[in-house]
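Trainee: Below is the structure I would like to discuss, written out as structure tokens.
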Amino acid sequence: MAVKKSYGLYRLFIKFILTLLVGVILSIVIPLLLFLIGEKFGYVNEANAGEKTARAVIMKTQKMQSFDPTWVSSQNKYVQLNQNYELMGSSMDKSLQQAAIQAVKIGKIDSGSFLQTRLGTGYLVIDYKLKPSYTNDFLNKYFLSPDTLILVGIIIILVITVVMSVQRFSHMIRLNLSPITRAVKHIQDNDLNFTVGTSTITEFDDVLVSFTELKESLRGALEERWQSEENHRSQLTALVHDVKTPLTGVIGWGELLSETELTVEQSVYLKNLQASTEAIEQLVNTLMQVTCEAKEIELSISQVNLVELIDDIKQNLMPVIKVKKISFDTTFELDDGQISLDPFLLTQALTSIISNAIDFVSLNGTIKLVIHRDKQELNLIIEDDGPGFSSELLEKAFTTSYMGDSSRSGMNHFGMGLTIAKRNVERCGGEITLGKSSALGGASVMITIPQ
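Heads up: the sequence shown runs through residues 7 to 457, numbered per the numbering used here.
Here it is in structure tokens:
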């Protein structure tokens, strides 16, 4: 296998400059060479051809002592004057006639572009131009003059050379940059199973070597992270599975207890205990599904009575509310108590938020829950008279496992309540807003779900 030759950007740039220089030289040489070829084969006259034909006419006139306008070639113009400088005949336009007459009068006729001879008592003036021309009169009349054609040719060839050189240079740069852009695209797509290419430009090849090292470093880091996450997932799955065993016992003992004779108050407590146990079982099953399948559970939409749903949540939390002697006020502002959503997700979100409020309020504290619903949206506002949210907590409250700053810390919680609530509400198409309660002075959490 042949070793690919490499070179630096400096060499590539010098090559580009030399290419441009050669193009400039060719743009000048080629038109001039074509002009010389045309002159050699009789298609183009020399620059002084007009002067030669003018002198030939002058010499013939002097020899013949007469003048015939047919002697004048297409490269010349003539004017014939009498001794008083009056016009006797001319092929010049008026401005050139005046210049020729003035030249005769001041005696500078043999300089510039005029030749003169005496014709009887008058004068004959022949005009000529020192510029190349065609041997064909039609071309002289209707086509670009040879000098103009040379200039146009130089410009055209120069432009073509510059454009082609720039295109070739940019193509070389793009070609050697393509392995870098491909490597960046693979890394952006989290695809590390690719082979980093090579470049013929030394500086680009050095970058590609760095990309190879970066890819291997990222691969190692990702594999280590994946392994760590897999270990955590396995541990969590085992823990959830272990939780199910005592939970099954609690459910069984609850069912056995329900078959005994109970007082009315004990029946109410048992009912609440069984409801809480069922909620825990559903949470455990959900966690088991998420950890085992590594995907979100599907939404289960149904018609829910908001009043009953809120009452069930309140009853489940009532033992803790009673222990802390919390005043829990609920206000319903509903046009219709029926709503279509996932009851489990909403119940879990509200329970997490209210549980947080219970944790953070003091003994004999106050929690308010306002449920407002109209045709556009459902609003559930939970307020308390606890320490509220600091600016730091407002910024990081939804971060997983963030357990707060000094304003709302020190409790037995793991920073998951608001994260779970936010996830569930967003899956229901809503959003959560945190703020300060204007009525109670503590925290305010508002859930908004569009209808």
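Glycine included, each C-beta is placed from N, C-alpha and C at the ideal position.
Just so you know, these numbers come straight off a predicted model, no measurement behind them.
Could you check the C-alpha separation between residue 31 and residue 160 for me, to the nearest Å?
Mentor: Cα to Cα, the separation comes out at about 10 angstroms.
Trainee: Rounded to whole angstroms, what is the Cα-Cα separation between residue 417 and residue 448?
Mentor: The predicted model places residue 417 with a pLDDT of 45, which falls under 50 and marks its position as unreliable, so this point remains unresolved.
Trainee: What is the rounded straight-line gap between the Cα of residue 338 and the Cα of residue 377?
Mentor: Approximately 5 angstroms between the Cα atoms of the pair.
Trainee: How close, in whole Å, do the beta carbons of residue 54 and residue 141 come, if the pair is a contact with beta carbons under 8 angstroms?
Mentor: With 8 angstroms as the limit, residue 54 and residue 141 do not qualify as a contact, their Cβ atoms being about 14 angstroms apart.
Trainee: What is the residue span of the alpha helix (DSSP H) that residue 182 lies within?
Mentor: That run of the alpha helix (DSSP H) goes 152-194.
Trainee: Among the residues of its own chain, which have a CB less than 8 angstroms from the CB of residue 224, if the five just before and after it don't count?
Mentor: Counting only Cβ-Cβ distances below 8 angstroms, and skipping sequence neighbours, we find 193 and 198.
Trainee: Rounded to a whole number of angstroms, what is the C-alpha to C-alpha distance between residue 349 and residue 227?
Mentor: Roughly 40 angstroms separates the two Cα atoms.
Trainee: For the alpha helix (DSSP H) containing residue 22, list its first residue and its last residue.
Mentor: 15-46 is the extent of the alpha helix (DSSP H) around residue 22.
Trainee: Below 7 angstroms between beta carbons: does that hold for residue 431 and residue 392?
Mentor: It is not a contact, given that the beta carbons lie outside the stated cut-off.
Trainee: If you draw a straight line from the C-alpha of residue 16 to the C-alpha of residue 81, how long is it?
Mentor: About 54 angstroms.
Trainee: Report the three-state DSSP secondary structure of residue 412 (helix, strand or coil).
Mentor: Only weak support exists for where residue 412 lies, its pLDDT of 44 falling under 50; the coordinates are left without a value.
Trainee: Check whether the Cβ atoms of residue 363 and residue 390 lie closer than 7 angstroms to each other.
Mentor: Yes, Cβ-Cβ distance for residue 363 and residue 390 is below 7 angstroms.
Trainee: Identify which residue in 385, 372, 343 and 74 has its Cα closest to the Cα of residue 394.
Mentor: Closest by alpha carbon: 372.
Trainee: Would you grab the beta carbon distance between residue 135 and residue 56 for me? Rounded to a whole angstrom, and I think it's under 8 angstroms.
Mentor: Going by Cβ atoms, the distance from residue 135 to residue 56 rounds to 5 angstroms, so yes, they are a contact pair.
Trainee: Starting from residue 374, follow its DSSP beta bridges and name the residues at the other end.
Mentor: Answer is 335 and 389.
Trainee: Would you call residue 184 buried or exposed, if buried means 16 or more other Cβ atoms sit within 10 Å of its Cβ?
Mentor: Counting Cβ neighbours within 10 Å, residue 184 comes out exposed, since fewer than 16 surround it.
Trainee: Quick test of your reading: residue 103 and residue 85, contact by CB under 8 angstroms. State the CB separation rounded to the nearest angstrom.
Mentor: 5 angstroms between Cβ atoms; contact.
Trainee: Measuring straight from C-alpha to C-alpha, what distance separates residue 211 and residue 21?
Mentor: Straight-line Cα distance between these residues: approximately 19 angstroms.
Trainee: Taking the continuous beta strand (DSSP E) assigned at residue 454, which residues delimit it?
Mentor: That run of the beta strand (DSSP E) goes 449-456.
Trainee: Would residue 322 be called buried (16 or more neighbouring beta carbons within 10 Å of its own) or exposed?
Mentor: The residue is buried, with at least 16 neighbouring Cβ atoms inside 10 Å.
Trainee: For the ligand NAD, is there a heavy atom less than 6 angstroms away from the beta-carbon of residue 38?
Mentor: As far as ligands go, the structure on display features none, and thus does not contain the ligand NAD.
Trainee: Where residue 358 and residue 375 are concerned, what is the direct C-alpha to C-alpha distance, given to the nearest angstrom?
Mentor: Between residue 358 and residue 375, the C-alpha separation is close to 14 angstroms.
Trainee: Considering residue 329, what are the terminal residues of the alpha helix (DSSP H) in which it resides?
Mentor: It spans 312-329 - the alpha helix (DSSP H) in which residue 329 sits, taken as one unbroken run.
Trainee: Might you give, ordered along the chain, the residues of its own chain that have their beta carbon closer than 8 angstroms to the beta carbon of residue 344, omitting 5 neighbours on each side?
Mentor: Result list for residue 344: 309, 310, 311 and 312, in chain order.
Trainee: By the 10 Å Cβ neighbour count, where 16 or more other Cβ atoms means buried, how is residue 148 classified, buried or exposed?
Mentor: Exposed.
Trainee: According to DSSP, residue 84 sits in a beta bridge with which residue or residues?
Mentor: DSSP output for residue 84 lists 132 as bridge partner(s).
Trainee: Exposed or buried, what is residue 264 when buried is set at 16 or more other beta-carbons lying within 10 Å of its beta-carbon?
Mentor: So residue 264 counts as exposed.
Trainee: From residue 126 to residue 153, what distance separates their C-alpha atoms?
Mentor: If I take the Cα positions, the gap works out to 38 angstroms.
Trainee: Do you know offhand how far residue 396's Cα is from residue 336's?
Mentor: Computed Cα separation, rounded: 26 angstroms.
Trainee: Could you tell me which residues DSSP pairs with residue 438 in its beta bridges?
Mentor: 453, per the DSSP bridge assignment.
Trainee: Any idea what DSSP makes of residue 265, helix, strand or coil?
Mentor: Correct three-state label for residue 265: coil.
Trainee: Keeping to the same chain, check which residues put their C-beta closer than 7 angstroms to that of residue 305; ignore five residues upstream and five downstream.
Mentor: Here the set comprises 348 and 433.
Trainee: Is residue 120 helix, strand or coil by DSSP?
Mentor: Residue 120 falls in the strand class under three-state DSSP.
Trainee: By Cβ distance, which residues of its chain are closer than 6 angstroms to residue 95, with the 5 residues on each side in sequence left out?
Mentor: Cβ neighbours of residue 95 beyond the five flanking positions: 86.
Trainee: Tell me whether residue 252 is buried or exposed, calling it buried when 16 or more other Cβ atoms sit within 10 Å of its Cβ.
Mentor: The residue in question, residue 252, is exposed, as its Cβ has fewer than 16 Cβ neighbours within 10 Å.
Trainee: Alpha carbon to alpha carbon, how far is residue 379 from residue 370? Give it in angstroms, no decimals.
Mentor: In a straight line, the C-alpha of residue 370 is about 29 angstroms away from that of residue 379.
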